[in-house]
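Worksheet: one structure, shown below.
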Amino acid sequence: MQIDCRNMECPKPVIETKNALEKMQIGESLSILVNDTTPLNNIKKFLSNFGMNPSVKNFEKYDEICVIKTKDITEINDNEYNCEMPSSRSKLVYFKDDKIGPMPIGETVLTTFLTSLLNSPVKPKYIICVNNSVLMTANRDHYGYKPLKDLEDAGVKIISCGTCLKALNLVDNLSIGELGNAYQIAVLLMENDVISL
Numbered sequence: 001m002q003i004d005c006r007n008m009e010c011p012k013p014v015i016e017t018k019n020a021l022e023k024m025q026i027g028e029s030l031s032i033l034v035n036d037t038t039p040l041n042n043i044k045k046f047l048s049n050f051g052m053n054p055s056v057k058n059f060e061k062y063d064e065i066c067v068i069k070t071k072d073i074t075e076i077n078d079n080e081y082n083c084e085m086p087s088s089r090s091k092l093v094y095f096k097d098d099k100i101g102p103m104p105i106g107e108t109v110l111t112t113f114l115t116s117l118l119n120s121p122v123k124p125k126y127i128i129c130v131n132n133s134v135l136m137t138a139n140r141d142h143y144g145y146k147p148l149k150d151l152e153d154a155g156v157k158i159i160s161c162g163t164c165l166k167a168l169n170l171v172d173n174l175s176i177g178e179l180g181n182a183y184q185i186a187v188l189l190m191e192n193d194v195i196s197l
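The C-terminal residue of the sequence shown carries number 197 in UniProt numbering, and the numbering is unbroken.
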């Protein structure tokens, strides 16, 4: 049996696959045509969850999933096979403090995290510092200064809250990144995937 699931919205390709398998006898083969990565992965996941071993043939404009029915299909949760793709939005790390957790461990966790970000193959596009985290961008002796400066040198845009710097009398000491305002920061928070620390 063959079913054509090309151009279908998720989770319909999985539902169509389930319906087709329910009509088949154990030992019969099913061919499913898809032309998008998400349905392809969802159908493979669905079949694997029921102990079947699908194979995939790649063609120029579509893929063909082939499987032999080895067991009966039970009820499924459609939401498990939705169309959500990994976000294409940029990452933004939002610091509210100049440590991560209570001291003394908070200092170590912060520097380890920043160093890990620097060595990560995927880096955030922005780092925003508000409240006491602006100490990292305005104090060269701060334990977070060097790893944050290294991230800036690696192309990450660092923005510090201007109001916070002013409240701490550190505006003139800012030496990493740029001074930001509430509107700019609010827009960036809405436009990017935010990791808040």
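Note that the Cβ used here is the ideal one computed from N, Cα and C, for glycine as well. This one's a predicted model, so the numbers in the text were calculated from it and none came from an experiment.
Can you name the residues that DSSP bridges to residue i?
i: Cys129; result: Phe95 and Ser160
i: Ser29; result: Ile68
i: Leu114; result: Answer is none; Leu114 lacks a bridge partner.
i: Asn42; result: For Asn42, which the question treats as bridged, DSSP gives no partner whatsoever.
i: Gly180; result: Cys161
i: Ile195; result: Val93
Does the Cβ-Cβ distance between residue i and residue j come in under 9 Å?
i: Gly51; j: Lys71; result: yes
i: Leu92; j: Asp193; result: yes
i: Gly177; j: Ile158; result: yes
i: Met1; j: Leu30; result: yes
i: Leu21; j: Lys57; result: no
i: Pro11; j: Asn42; result: yes
i: Val130; j: Ile185; result: yes
Select from the options the residue whose C-alpha is nearest the C-alpha of residue i.
i: Thr108; options: Gly144, Val134, Ile195 and Ile73; result: Gly144
i: Gly96; options: Val67, Cys161 and Ser48; result: Looking at the sequence shown, residue 96 is not Gly but Lys. Comparing Cα positions, the closest option is Cys161.
i: Leu189; options: Arg89, Pro147 and Ile3; result: Arg89
i: Asp98; options: Asp141, Ile185 and Gly27; result: Asp141
i: Thr74; options: Asn169, Pro121, Ile15 and Gly106; result: Ile15
i: Ala182; options: Ile128, Asn173 and Ser175; result: Ile128
Under 9 Å between C-beta atoms, does residue i make it to chain B?
i: Asn131; result: The question asks about chain B, but that chain is absent: this structure has only one protein chain.
Q. At a cut of 8 Å, does the region 57-74 reach the region 27-36 through at least three beta carbon pairs?
A. yes
Q.
Would you call the region 112-121 in contact with the region 158-174, where contact means no fewer than 3 C-beta pairs closer than 8 Å?
A. no
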